Amino acid sequence: MKTRKGRLLIALVGLAGLAAPVRAQAPTSDLLTLVPSEFGFCMAVHDLRGHWQRFEQAAWVKAFKQSPFGEALLSAPEFRELAKFQRDLQQHLEVDWSTVRDDILGDAAVFAYRPPDGDKKGEQGLLLVKARQPETLERLIKKLNQVQMAAGELKALEEHQHQGVKYFRRVHEKGAPWWYVVQGPVFALASNETTLKAVIERPAQPAAVRPALRRAGAEHALAALWLNPRFFDAELKAKAKLGLGPDGQLFTALFDHWKALDAVVVAVDMKEDVELRLSLLARSGDLPAAAKEWFTRRGQTSELWQRFPENSVFTLAGRTDFRALADGLLELAPAPVRKVVVDALSKNVGAAVGLDPLRDVLPNLGPDWGMCVLPASAGKDCPQAIFALGVKPGKKEPGVDQALYKAMQFFVGLALYQHNAGLDDADKIQMHTLRQGDVEVKYLAQDRHFPAGFQPAFALKDGYLLLATSPVAVQQFQRPAKTAPAAGDDVLMLRLAPTELAQLIGLHRERVLEQMTQKSGQPKAAAAKSLDGLLGLLALCRTVTLSQRNGDDQLAWIVRLRMIDGKTR
Numbered sequence: 003m004k005t006r007k008g009r010l011l012i013a014l015v016g017l018a019g020l021a022a023p024v025r026a027q028a029p030t031s032d033l034l035t036l037v038p039s040e041f042g043f044c045m046a047v048h049d050l051r052g053h054w055q056r057f058e059q060a061a062w063v064k065a066f067k068q069s070p071f072g073e074a075l076l077s078a079p080e081f082r083e084l085a086k087f088q089r090d091l092q093q094h095l096e097v098d099w100s101t102v103r104d105d106i107l108g109d110a111a112v113f114a115y116r117p118p119d120g121d122k123k124g125e126q127g128l129l130l131v132k133a134r135q136p137e138t139l140e141r142l143i144k145k146l147n148q149v150q151m152a153a154g155e156l157k158a159l160e161e162h163q164h165q166g167v168k169y170f171r172r173v174h175e176k177g178a179p180w181w182y183v184v185q186g187p188v189f190a191l192a193s194n195e196t197t198l199k200a201v202i203e204r205p206a207q208p209a210a211v212r213p214a215l216r217r218a219g220a221e222h223a224l225a226a227l228w229l230n231p232r233f234f235d236a237e238l239k240a241k242a243k244l245g246l247g248p249d250g251q252l253f254t255a256l257f258d259h260w261k262a263l264d265a266v267v268v269a270v271d272m273k274e275d276v277e278l279r280l281s282l283l284a285r286s287g288d289l290p291a292a293a294k295e296w297f298t299r300r301g302q303t304s305e306l307w308q309r310f311p312e313n314s315v316f317t318l319a320g321r322t323d324f325r326a327l328a329d330g331l332l333e334l335a336p337a338p339v340r341k342v343v344v345d346a347l348s349k350n351v352g353a354a355v356g357l358d359p360l361r362d363v364l365p366n367l368g369p370d371w372g373m374c375v376l377p378a379s380a381g382k383d384c385p386q387a388i389f390a391l392g393v394k395p396g397k398k399e400p401g402v403d404q405a406l407y408k409a410m411q412f413f414v415g416l417a418l419y420q421h422n423a424g425l426d427d428a429d430k431i432q433m434h435t436l437r438q439g440d441v442e443v444k445y446l447a448q449d450r451h452f453p454a455g456f457q458p459a460f461a462l463k464d465g466y467l468l469l470a471t472s473p474v475a476v477q478q479f480q481r482p483a484k485t486a487p488a489a490g491d492d493v494l495m496l497r498l499a500p501t502e503l504a505q506l507i508g509l510h511r512e513r514v515l516e517q518m519t520q521k522s523g524q525p526k527a528a529a530a531k532s533l534d535g536l537l538g539l540l541a542l543c544r545t546v547t548l549s550q551r552n553g554d555d556q557l558a559w560i561v562r563l564r565m566i567d568g569k570t571r
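Count along the sequence shown from 1, then add 2; that gives the number in the numbering used here.
Right, here's the structure in full:
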């Protein structure tokens, strides 16, 4: 990182980290209008003061600091350096970190970056801060200049004017110069004089950051990163024009999707939950037909969320139009590759089930699919899990559901025949049949080598093809008590329950410790201490979820961590 590009990026990211701001009288969006349109990235930070207060008061943060892992982390050299930085800040600049955080940095901060793209402008960086206390900001800048001048780090401070506004050029002993201006509560630092002048003039074409953040629901997030697809259009288009071979054709198809994007937004927020959101904003009218539905039609939560136990350790479930998905993937592939794939499906899958995979099988799969690791109490000997795939009979005979079930029996039987050849009876794996009401369950048994409680099973139940770790797990798959939820904004896709995971690990503690000592070579006491630390961390989080949001020309994925609140664990 000895190049000017490396120094510029490190310096600006560092300053942006210090400038993480605060909610208050002036919104972050005021600063976003000062970002030039040709920039490729922009990070906006909002309301650090309020977020910091909530963070320090959160029950899970207090519990983390008291945990062995938290104590070890806080005593690490990096955190000692942070404490030294705060002491130096007070000693040399006569201001403490809380003042910098809450008063000087003010209500908003924005960091924008334009990577070099082969033109004469080169890379550019811009940091904008709106101070809560402008007088304190000016005193800090003056003191910083004095300290750096005395140390020889700053060789000169040149005063300039543009449109009647005074700004400064900082000439450093090492590295390129920087330009800054203070206009009331607004502080701007730029790596390029032209960029700083544009801030003074206010850009004729400001970047479309503010409307993008608003569309993505990230306007008031703690931190939001905006990526401008238009900055990369020329380079991607040039590569797409090459169109050499299958890879080039695939790139061309992907570019057709890319050019319909208005923005990519990544946001982090912390309120009741800790939330991470990735949003793709597009113009659906410009999207290929196969992708348009992802950005226009509201999603629907899978009914499997009502069939799997609510307190499962891990659950993944969704709804997929498998025929439309296959059409979309085939549309991306070049014609020769498409033909090979279709022929292979017809030859292999078609021969196995006796039906055409594209016309008969895929339209009757799903749309619901999912899997879950059942609660720790479901199986003390072996963790229990289920995979479920919706299947329908279809219009032909045999029905798709029965055809898939019989094909599975055939291939499992064939595999067992090959495995058992030449083995003693005690070592052979046997396939048995069990009835649970009107459901036939096929399962495998082997008392000598299978772990206790592990009996791989499969069945057709309530319109689903099930694969499970045992018939006990199949029995846990129940019909929903309520009707399927209607289409909504956020569609739940994944859920992890760390507290249930901790309980599951606790049930198998000795086995886990044995594996840890074998792999790491550490003594059992040290492994036990590490495991206890992990279990303590898991106890801080109640659930981790992944949701998807479709519609309004937007496709977004949201990760939420619901932490302990001091009342419930």
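Where a beta carbon is used, it is the ideal one built from N, C-alpha and C, also for glycine.
A quick note: this is a predicted structure, and the numbers were derived from the prediction, not measured.
Of the choices the options, whose alpha-carbon is the least far from that of residue i?
i, options, result
"A447", "N230, L142 and G415", "G415"
"G455", "M495, Q386, E96 and S532", "Q386"
"V514", "L498, A499 and D534", "D534"
"V276", "W54, I202, V344 and Q411", "W54"
"D288", "H94, Q185 and F257", "F257"
"G320", "L75, L367 and W260", "L367"
"F316", "T197, R497, P179 and D464", "R497"
"I566", "D264, D49, F41 and A60", "A60"
"I202", "P213, R212, V184 and V211", "V184"
"Q411", "L536, Q432 and A527", "Q432"
"A110", "G52, L146, E442 and E140", "G52"
"Q163", "E195, Q135 and P187", "E195"
"G219", "L278, T197, P136 and W181", "L278"
"A192", "R134, Y115, R217 and E140", "Y115"
"A46", "A225, K145 and A346", "A225"
"D49", "D271, E125, S77 and K168", "D271"
"H94", "D383, F170 and K144", "K144"
"E155", "V102, K397 and V173", "V173"
"G538", "R551, P500 and L548", "P500"
"D572", "D90, G301, V339 and A335", "What the structure shows of the chain is the stretch from 3 to 571, and residue 572 is not part of that stretch, so it cannot be assessed."
"T35", "F113, M495, C374 and L436", "F113"
For residue i, which beta-bridge partners are listed by DSSP?
i, result
"S379", "Looking at the DSSP assignment, S379 forms no beta bridge with any residue, so it has no partner."
"I143", "Its beta-bridge partners do not exist; DSSP assigns none."
"E442", "R437"
"V393", "L367"
"T547", "R497 and R562"
"L50", "Looking at the DSSP assignment, L50 forms no beta bridge with any residue, so it has no partner."
"E125", "BP columns for E125 are empty, so no partner."
"D113", "The sequence as given places Phe at residue 113; Asp does not occur at that position. According to DSSP, F113 bridges with M45 and L129."
"V167", "H164"
"L606", "This structure cannot settle anything about residue 606, because the visible part of the chain is limited to 3 through 571."
"C374", "T317 and I388"
"N422", "Looking at the DSSP assignment, N422 forms no beta bridge with any residue, so it has no partner."
"P38", "P208"
"N552", "L557"
"D492", "R551"
"L159", "R172"
"A447", "Q432"
Round the Cβ separation of residue i and residue j to the nearest angstrom and send it over; I've been treating them as touching at under 8 Å.
i, j, result
"L33", "L142", "The Cβ separation is near 19 Å, so there is no contact."
"E274", "D119", "The Cβ separation is near 41 Å, so there is no contact."
"A378", "Q505", "4 Å"
"V476", "Q438", "7 Å"
"L215", "E221", "5 Å"
"V266", "P231", "7 Å"
"L462", "Y407", "5 Å"
"G72", "F66", "4 Å"
"L128", "V268", "Not quite, the Cβ-Cβ distance comes to about 19 Å (not below 8 Å), so this is no contact."
"V443", "A459", "5 Å"
"E516", "N313", "At roughly 27 Å, the Cβ-Cβ gap does not stay under 8 Å, so E516 and N313 are not in contact."
"L229", "F57", "With 8 Å as the limit, L229 and F57 do not qualify as a contact, their Cβ atoms being about 26 Å apart."
Please decide whether residue i counts as near chain B, where near means a Cβ-Cβ distance under 8 Å.
i, result
"R299", "No chain B is present in this structure, which holds just one protein chain."
Any contact of the stretch 543-558 with the stretch 273-284, i.e. 3+ C-beta pairs under 8 Å?
yes
The stretch 352-366 / the stretch 299-317 touching (three or more Cβ pairs under 8 Å)
no
Taking 8 Å as the threshold, find out whether the stretch 291-303 comes into contact with the stretch 327-336 through three or more Cβ pairs.
yes
Write down every uninterrupted run of the alpha helix (DSSP H) in the stretch 509-544 whose length is 4 residues or greater and which is fully enclosed by it, in chain order.
511-522 and 526-540
Do three or more CB pairs link the stretch 466-478 to the stretch 383-402 at distances below 8 Å?
yes
At what residue ranges does the stretch 170-234 contain a whole run of the beta strand (DSSP E), taking only runs of 3 or more?
180-185, 188-192 and 225-229
With a floor of 4 residues, list each alpha helix (DSSP H) that falls wholly inside the stretch 234-319, ordered by position along the chain.
235-244, 247-260, 291-298 and 306-309
Check whether the stretch 512-526 and the stretch 538-551 are in contact - that is, three or more C-beta pairs closer than 8 Å.
no
If you pair each beta-carbon of the stretch 139-156 with each one of the stretch 190-209, do three or more pairs fall below 8 Å?
no
Could you tell me whether the stretch 157-172 touches the stretch 57-71, using the rule of 3 or more Cβ pairs below 8 Å?
no
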